[in-house]
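Written out as structure tokens, the structure reads:
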């Protein structure tokens, strides 16, 4: 979209940017600001509307956020790929020399939040708590169950899933995932409150994810067996979207049983309950791996169901009949994904019960204020770092802080499409610490708190008064 030979004006509604390409003529570069002023007048914008001049190659993070396909080059790509593949890089079908290609495939098919990989997800899951609404009431029922009894995850439920991680550097810790179903409403609220209390009590990392937006690490924990459903007791055909890049991140999620739900770049399974059979639909751009993964997954789920393969373009009439007829669907072979940007750090404070968020440029560890909450935006992940001196109110409103931030930043992300991660001071995982230029263990041990300073001032004042006497 941006051509190096030209200059462009970006109107954001609250201000405008003037982007100057490297190859623009000297006259174009010189006239760019005056053209911006003319643009303001033509739009009848207030005289105080801000104009930001941006030079190609030195774009600021706020500018980049307006472009859904923006890609920062260099370390950002390598860091994400290294994190996402992790221990499994030796078994990957990708050529890791082609970082851009690997990253694109991972972001499209390998789960969300690919930068959040505390370990490879291979440790075993134990007890899981299921939250379900009691029909006709506002009550929520809680039930503890095992990993094997949990699947499939249901849209009317919420789940709290503890996981003990252990990475290749021998870093250990506990994650508390809360998975929120799209129809669980009441249950979601109860589950999040319990998960937050558990995380605070055990100094664990709290991770909130919403149905169909699961992070890669979450998929890995289910060892390629994760599938989620919308209809608890289906009487009509169900359509499942299959995605994955390796044996451990394969996942299936139910989508609307209509031809418009299909995409040529993927694999789908259409399950016809009353006939006890299923079709595996292979899009023209789907990988052989995903086709085989779909067969393996659903043979394990429905071993008695007859599976038949249908290639795009050669569908029988019966297939379309179950999807309300052949209609228009996405035939493109690539997808848009979230922008890949460098991490941004924000200082969050509650002032008169209002949330104030302020960005910190060129941040380092010392900028983490242990008396407040800090927000780190890495694209698919929103980290909430909670200092030891943060108030109970601030800690209890971390999800509100994330919602406030997402609502006012310019991308099309929502609080449900990002992975929200809460971290306690001194219990930071490596995936968070690596965002900083350097990290010193025990950094805050010798830094006095506000209360320490206050006591010292009182003691000094008393000492001065005694000397005066």
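Residue numbers (full-length UniProt numbering): 1 to 469. Ideal Cβ placement from N, Cα and C applies to all residues, glycine included. Fair warning: this is a prediction, and the values are worked out from it, not measured in the lab.
Within 10 angstroms of its Cβ, does residue i collect 16 or more other Cβ (buried), or is it exposed?
i: residue 492; result: With the chain covering 1 to 469 only, the question about residue 492 has no answer from this structure.
i: residue 188; result: buried
i: residue 129; result: buried
i: residue 322; result: buried
i: residue 303; result: exposed
i: residue 138; result: exposed
i: residue 239; result: buried
i: residue 547; result: Absent from the model: residue 547. The displayed extent of the chain is 1 to 469, so no value can be given.
i: residue 55; result: exposed
i: residue 473; result: Missing from the structure shown is residue 473; the chain here goes from 1 to 469 and no further.
i: residue 423; result: buried
i: residue 286; result: buried
i: residue 172; result: exposed
i: residue 254; result: buried
i: residue 26; result: exposed
i: residue 428; result: buried
Beta-carbon within less than 7 Å of residue i's beta-carbon, same chain only, minus the 5 sequence neighbours each way: which residues are those?
i: residue 393; result: 350
i: residue 8; result: 2 and 19
i: residue 24; result: 5, 6 and 7
Ignore the nearest five residues each way along the sequence and tell me which others in residue i's own chain have a CB closer than 6 Å to its CB.
i: residue 331; result: 264
i: residue 121; result: 217, 220 and 221
i: residue 407; result: none
i: residue 144; result: 127 and 129
i: residue 311; result: 282
i: residue 53; result: 18
i: residue 411; result: 65
Quick one: what's got a C-beta closer than 8 Å to residue i's C-beta in the same chain, skipping five residues either side?
i: residue 326; result: 259, 315 and 320
i: residue 153; result: 159, 179, 181, 211, 226, 227, 228 and 229
i: residue 391; result: 350
i: residue 133; result: 139, 140, 141, 156, 184, 185, 186 and 187
Among the options, which residue has its Cα nearest to the Cα of residue i?
i: residue 176; options: 168, 203 and 190; result: 203
i: residue 17; options: 247, 230, 243 and 49; result: 49
i: residue 193; options: 206, 387, 106 and 181; result: 206
i: residue 1; options: 318, 183, 313 and 19; result: 19
i: residue 245; options: 147, 111 and 174; result: 111
i: residue 452; options: 410, 14, 371 and 249; result: 371
i: residue 342; options: 58, 6, 47 and 30; result: 58
i: residue 365; options: 376, 47 and 439; result: 439
i: residue 403; options: 415, 295 and 428; result: 415
i: residue 13; options: 34, 27 and 51; result: 51
i: residue 196; options: 412, 386 and 283; result: 386
i: residue 174; options: 198, 185 and 151; result: 198
i: residue 442; options: 458, 464 and 388; result: 388
i: residue 241; options: 375, 268, 150 and 420; result: 268
i: residue 224; options: 236, 209 and 251; result: 251
i: residue 329; options: 352, 301, 299 and 284; result: 284
i: residue 208; options: 420, 104 and 64; result: 420
i: residue 190; options: 151, 28, 235 and 131; result: 131
Helix, strand or coil for residue i, going by three-state DSSP, please let me know.
i: residue 156; result: coil
i: residue 162; result: strand
i: residue 408; result: helix
i: residue 431; result: helix
i: residue 397; result: coil
i: residue 256; result: coil
i: residue 15; result: strand
i: residue 225; result: coil
i: residue 322; result: coil
i: residue 37; result: helix
i: residue 441; result: coil
i: residue 66; result: coil
i: residue 463; result: helix
i: residue 308; result: strand
i: residue 102; result: helix
i: residue 45; result: coil
i: residue 113; result: coil
i: residue 190; result: helix
i: residue 75; result: At residue 75 the pLDDT is 45, less than 50, meaning the model places this residue with poor confidence; the figure from the coordinates comes in the next sentence. In this structure, residue 75 counts as helix in the three-state DSSP scheme.
i: residue 295; result: helix
i: residue 230; result: coil
i: residue 2; result: coil
i: residue 273; result: helix
i: residue 284; result: coil
i: residue 31; result: helix
i: residue 168; result: coil
Going by the C-beta, is residue i closer than 7 Å to any heavy atom of the ligand SAH?
i: residue 328; result: In the structure shown, the ligand SAH is absent, as is every other ligand, since no ligand is present at all.
Practice problem: Decide yes or no for the touch test of the segment 160 to 170 against the segment 115 to 125: beta carbon pairs closer than 8 Å, at least 3 of them. | Solution: Contact holds: three or more Cβ-Cβ distances are below 8 Å.
Practice problem: Count the CB pairs spanning the segment 276 to 291 and the segment 355 to 371 that are closer than 8 Å, and state whether there are at least three. | Solution: The segment 276 to 291, when compared against the segment 355 to 371, does not touch it at the 8 Å Cβ threshold.
Quiz prompt | Touch test, the segment 105 to 120 against the segment 208 to 217, Cβ-Cβ under 8 Å, three pairs minimum | solution = Yes, since at least three Cβ pairs between the segment 105 to 120 and the segment 208 to 217 fall closer than 8 Å, the two stretches touch.
Self-check item: Segment contact, 8 Å Cβ cut-off, at least three pairs: the segment 302 to 315 with the segment 264 to 278
Solution: They touch, by the three-pair rule.
Quiz prompt | Three CB pairs or more closer than 8 Å across the segment 225 to 237 and the segment 430 to 441 | solution = The segment 225 to 237 is not in contact with the segment 430 to 441.
Self-check item: Three-pair Cβ contact test at 8 Å for the segment 394 to 413 versus the segment 441 to 448
Solution: Contact between the segment 394 to 413 and the segment 441 to 448 is absent: fewer than three C-beta pairs spanning the two stretches fall below 8 Å.
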